[in-house]
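Novice:
Chains as they are written, first to last, in the numbering used here: chain A, 1 to 394; chain B, 1001 to 1173.
(1) With 16 as the cutoff for other CB atoms within 10 Å, does residue 259 (chain A) come out buried or exposed?
(2) Given that a residue counts as buried once 16 or more other Cβ atoms are within 10 Å of its Cβ, and exposed if not, what is residue 1026 (chain B)?
(3) Within the 8 Å Cβ cut-off, does residue 76 (chain A) reach chain B?
(4) Just checking: is the beta-carbon of residue 1107 (chain B) within a distance shorter than 8 Å of some beta-carbon in chain A?
(5) Measuring straight from C-alpha to C-alpha, what distance separates residue 1076 (chain B) and residue 1053 (chain B)?
(6) Under the three-state reduction of DSSP, which class applies to residue 347 (chain A): helix, strand or coil?
(7) Using alpha carbons as the reference points, say which of A:142, A:173 and A:3 lies closest to residue 40 (chain A).
(8) If you count every other CB in all the chains shown that lies within 10 Å of the CB of residue 1009 (chain B), and 16 or more means buried, which is it?
(9) With DSSP collapsed to three states, give me the class of residue 166 (chain A).
(10) Is it buried or exposed for residue 1012 (chain B), if we count other Cβ within 10 angstroms and need 16 for buried?
(11) Determine the contact status of residue 67 (chain A) and residue 109 (chain A), defining contact as a CB-CB distance below 8 Å.
(12) Please compile the residues from chain B whose C-beta is within a distance smaller than 8 Å of the C-beta of residue 101 (chain A).
(13) Do the region 203-219 of chain A and the region 53-66 of chain A touch if we need at least three Cβ pairs shorter than 8 Å?
(14) Residue 1086 (chain B) lies in the beta strand (DSSP E); which residues open and close that run?
(15) Is the separation between the beta-carbon of residue 224 (chain A) and that of residue 254 (chain A) shorter than 8 Å?
(16) Would residue 102 (chain A) pass as a contact of residue 130 (chain A) if the rule is Cβ separation under 8 Å?
(17) Could you work out which residues of chain B lie near residue 11 (chain A), taking near to mean beta carbons separated by less than 9 Å?
(18) Going by Cα to Cα distance, which pick from B:1119, B:1155 and B:1098 is closest to residue 1063 (chain B)?
(19) Would you please verify whether the beta carbon of residue 125 (chain A) is less than 8 Å from any beta carbon of chain B?
(20) Can you have a look at residue 42 (chain A) and say buried or exposed, based on whether 16 or more other CB atoms are within 10 angstroms of its CB?
(21) Between residue 300 (chain A) and chain B, is there a C-beta pair that is closer than 8 Å?
(22) Between A:242, A:211 and A:205, which lies nearest to residue 330 (chain A) when the distance is taken from Cα to Cα?
(23) Pull up the distance between the alpha-carbon of residue 11 (chain A) and that of residue 174 (chain A), whole angstroms please.
(24) For residue 220 (chain A), does the three-state DSSP call read helix, strand or coil?
(25) According to DSSP, is residue 358 (chain A) helix, strand or coil?
(26) Quick check on the burial criterion: 16 or more other C-beta atoms within 10 angstroms. Buried or exposed for residue 1084 (chain B)?
(27) Looking only at its chain, what residues have a beta carbon closer than 6 Å to the beta carbon of residue 160 (chain A), apart from the 5 residues adjacent to it on each side?
(28) Name the residues in the region 1112-1124 of chain B whose C-beta lies less than 9 Å from a C-beta of chain A; which are they?
(29) If you measure between the beta carbons of residue 279 (chain A) and residue 367 (chain A), is that distance less than 8 Å?
(30) Return the chain-ordered list of same chain residues with a C-beta closer than 6 Å to the C-beta of residue 1167 (chain B), the five sequence neighbours on each side being excluded.
(31) Please list, in chain order, the chain A residues whose beta carbon lies closer than 7 Å to that of residue 1145 (chain B).
(32) Mind pulling the beta strand (DSSP E) runs of 3 or more residues that sit fully within the region 1004-1085 of chain B?
(33) First and last residue of the alpha helix (DSSP H) that includes residue 106 (chain A)?
(34) Given a threshold of 16 other Cβ atoms within 10 Å of its Cβ, counted over all protein chains shown, does residue 149 (chain A) qualify as buried or as exposed?
(35) Is the CB-CB distance between residue 1096 (chain B) and residue 1050 (chain B) below 8 Å?
(36) If you pair each beta-carbon of the region 313-327 of chain A with each one of the region 337-347 of chain A, do three or more pairs fall below 8 Å?
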């Protein structure tokens, strides 16, 4: 499928493999940086995950000027401003972000403040509106295999005073380097592994079927689906399998690059709203809502889902399934994956199991309709259709 | 001699300016005529200024929410709280002439948004409704996500657009 017009950018250098983090000194030097600020959170320090990076940095010419480990679960304006303050005061010349989506988004927010001299991040909300080259060298080291934030041009930061989540998309938010090292994810518990992998799968499926899908993003999305279906069962069976962990980290990165360019749709719109209204963790929401979103889009994106059956169910199932039955079979393959993860890791199958109350559905539907991701969905729902869809997932 | 006429950039900018002016009044008229637009506008923070602009030097159109009512500010206000900027006149004209949908224009990176994306999404829904009044069904079938549902006829909408908003603006000035 060739779109009438499309844009694609994935400028982050990918450094992937066993002990990839040991190259961090070289990568910093390549960027002309020698005084990194390391951004992480206390949990990752306690679990000694961040220690791997800090130890690697000790054996380089770089001087770590500060370790900022006070990043909360949700990125917030206050923390972003504080990180920027520490960066300036310590004379840092790079940010090394070690963590999940929250840490990486905080780093992205700090780069906006540092580049644009922002006093109020609210002034920089929007899509593709940040201009100019970033003034901060930025290395991202993800510790989950899900968000793909290490290669995305998007960030979400919470303004806790005004109670709003601010969305930013700009190519200037793309990290310079993304380091994928299995040591970062090998200790993830099964529940979190399953949830984050379903987040990555949702990125791949939605980016493959949204209105900005293009030949390049398709390659990334297909590869991500292949890696997830092949390696997620291996990781669930043998969590310390570093090769499979690395494959999942790559899948998340590939899916991140796909959705950073082709965007996501109704599943993410509903998921963001479900998280905002009912506090359902993002990965859980994605897993629950993915088959429902696919079913809603079936009439306009069925052919695309049919193509994904090859990756989701394998060559034999794909070849033995008549073409017209492949879209529905792809949705069933996702449901089957969900059931397996439910049995293995207790992943919730319904919004009700995830704690959503029926009376919260109207608020979720309204918030989903206003979510930016909805604009890229191949089929635009009405408020009533969204409400019914969410009720069906309860 | 190279073919000139409407293809020249200057003419396209002039056409865009006219359509933006019509759109400016059309959105206000729709807010008076159609409760769906009123409901969307009611959700925008009071005092919000919204601007559609064609980079780099315009033309542009702005609106302001005052007391829950939408005001047309014309083409003079510099920047809004929500600023939608088309990257060039060539990116704006297909949308303004009803040849491309608003969502498709965003999908193809033809415009940038600075400000609250939730308000931007609400504005897009309003523009869909306005397009339903301004353009015939044969055009809107291609560019709107749902068939246009009008609360009044095209003629009523154009009368509203031409006279009612002008009267209100005249009274206000």
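We put the beta carbon where it would ideally sit given N, CA and C, even for glycine. Please read these numbers as outputs of a predicted model, since none were measured by experiment.
Specialist: With the structure as the only source:
(1) As a position in the first chain, residue 259 (chain A) is number 259, starting the count at 1. Its Cβ being crowded by 16 or more others within 10 Å, residue 259 (chain A) is buried.
(2) Walking along the second chain from the start, residue 1026 (chain B) turns up at place 26. Answer is buried; the Cβ neighbour count reaches 16.
(3) Residue mapping note: residue 76 (chain A) aligns to position 76 of the first chain, counting from 1. Not one chain B Cβ lies under 8 Å of residue 76 (chain A).
(4) Counting from 1 along the second chain, the entry for residue 1107 (chain B) is found at position 107. Yes, residue 1107 (chain B) lies at the interface with chain A (some Cβ there is under 8 Å from its Cβ).
(5) Taking the second chain and counting its residues from 1, one reaches residue 1076 (chain B) at position 76. Taking the second chain and counting its residues from 1, one reaches residue 1053 (chain B) at position 53. Each residue's Cα considered, the two are about 11 Å apart.
(6) Residue mapping note: residue 347 (chain A) aligns to position 347 of the first chain, counting from 1. Reduced to three states, the DSSP call for residue 347 (chain A) is coil.
(7) Taking the first residue of the first chain as 1, we reach residue 40 (chain A) at position 40. The residue with the shortest Cα to Cα distance from residue 40 (chain A) is A:142.
(8) Along the second chain, one-based indexing puts residue 1009 (chain B) at 9. Flag for residue 1009 (chain B) reads exposed.
(9) On the first chain, position 166 is the one that residue 166 (chain A) refers to. Strand, per DSSP.
(10) One-based indexing of the second chain puts residue 1012 (chain B) at position 12. Per the 10 Å Cβ criterion, buried.
(11) Mapped onto the first chain, residue 67 (chain A) falls at position 67. Mapped onto the first chain, residue 109 (chain A) falls at position 109. Against a cut-off of 8 Å, the Cβ pair of residue 109 (chain A) and residue 67 (chain A) comes out as no contact.
(12) Reading the first chain from its first residue, position 101 is the one you call residue 101 (chain A). Within chain B, no residue comes near residue 101 (chain A); the closest Cβ sits about 18 Å away, beyond 8 Å.
(13) no
(14) In the second chain, residue 1086 (chain B) corresponds to position 86, counting from 1. Unbroken beta strand (DSSP E) run through residue 1086 (chain B): 1082-1086.
(15) Your numbering for residue 224 (chain A) matches position 224 in the first chain. Your numbering for residue 254 (chain A) matches position 254 in the first chain. Closer than 8 Å, so yes.
(16) Counted from its first residue, the first chain places residue 102 (chain A) at position 102. Counted from its first residue, the first chain places residue 130 (chain A) at position 130. Going by C-beta atoms, residue 102 (chain A) is not nearer than 8 Å to residue 130 (chain A).
(17) To locate residue 11 (chain A), count along the first chain from 1; it is residue 11. By Cβ distance, chain B contributes nothing, its closest Cβ being about 16 Å from residue 11 (chain A), past 9 Å.
(18) Taking the first residue of the second chain as position 1, residue 1063 (chain B) is located at position 63. The option with the nearest alpha carbon to residue 1063 (chain B) is B:1119.
(19) Residue 125 (chain A) sits at position 125 when you count from the first residue of the first chain. Residue 125 (chain A) counts as touching chain B.
(20) Working through the first chain from its first residue, we reach residue 42 (chain A) at position 42. The residue is exposed, with fewer than 16 neighbouring Cβ atoms inside 10 Å.
(21) In the first chain, the residue the question calls residue 300 (chain A) occupies position 300. Taking Cβ atoms only, chain B never reaches closer than 8 Å to residue 300 (chain A), which makes this a no.
(22) Locating residue 330 (chain A) in the first chain gives position 330, where the first residue counts as 1. Of A:242, A:211 and A:205, the residue nearest in Cα terms is A:205.
(23) Position 11 of the first chain holds residue 11 (chain A). Position 174 of the first chain holds residue 174 (chain A). Approximately 7 Å, taken between the alpha carbons.
(24) For this step, residue 220 (chain A) is matched to residue 220 along the first chain. If DSSP states are grouped into helix, strand and coil, residue 220 (chain A) belongs with the helices.
(25) Locating residue 358 (chain A) in the first chain gives position 358, counting from the first residue. Looking at residue 358 (chain A) - three-state DSSP - the assignment turns out to be helix.
(26) Here residue 1084 (chain B) refers to the residue found at position 84 of the second chain. The residue in question, residue 1084 (chain B), is buried, as its Cβ has 16 or more Cβ neighbours within 10 Å.
(27) By 1-based counting over the first chain, the position of residue 160 (chain A) is 160. 76, listed in sequence order.
(28) 1112, 1113, 1114, 1115, 1116, 1117, 1118, 1119, 1120, 1121, 1122 and 1124
(29) Mapped onto the first chain, residue 279 (chain A) falls at position 279. Mapped onto the first chain, residue 367 (chain A) falls at position 367. Contact: no.
(30) By one-based count along the second chain, residue 1167 (chain B) stands at place 167. For residue 1167 (chain B), the pLDDT reaches just 44, beneath the cut-off of 50, and the residue's location in the model is therefore unreliable, leaving the point undetermined.
(31) Working through the second chain from its first residue, we reach residue 1145 (chain B) at position 145. Neighbours of residue 1145 (chain B) on chain A, chain order: 380.
(32) 1049-1054, 1060-1066 and 1069-1074
(33) In the first chain, counting from the first residue as 1, residue 106 (chain A) sits at position 106. Start and end: 101-116.
(34) Here residue 149 (chain A) is taken as the residue at index 149 of the first chain, counted from 1. That one is buried.
(35) In the second chain, residue 1096 (chain B) corresponds to position 96, counting from 1. In the second chain, residue 1050 (chain B) corresponds to position 50, counting from 1. No, these two residues do not count as a Cβ contact at 8 Å.
(36) no
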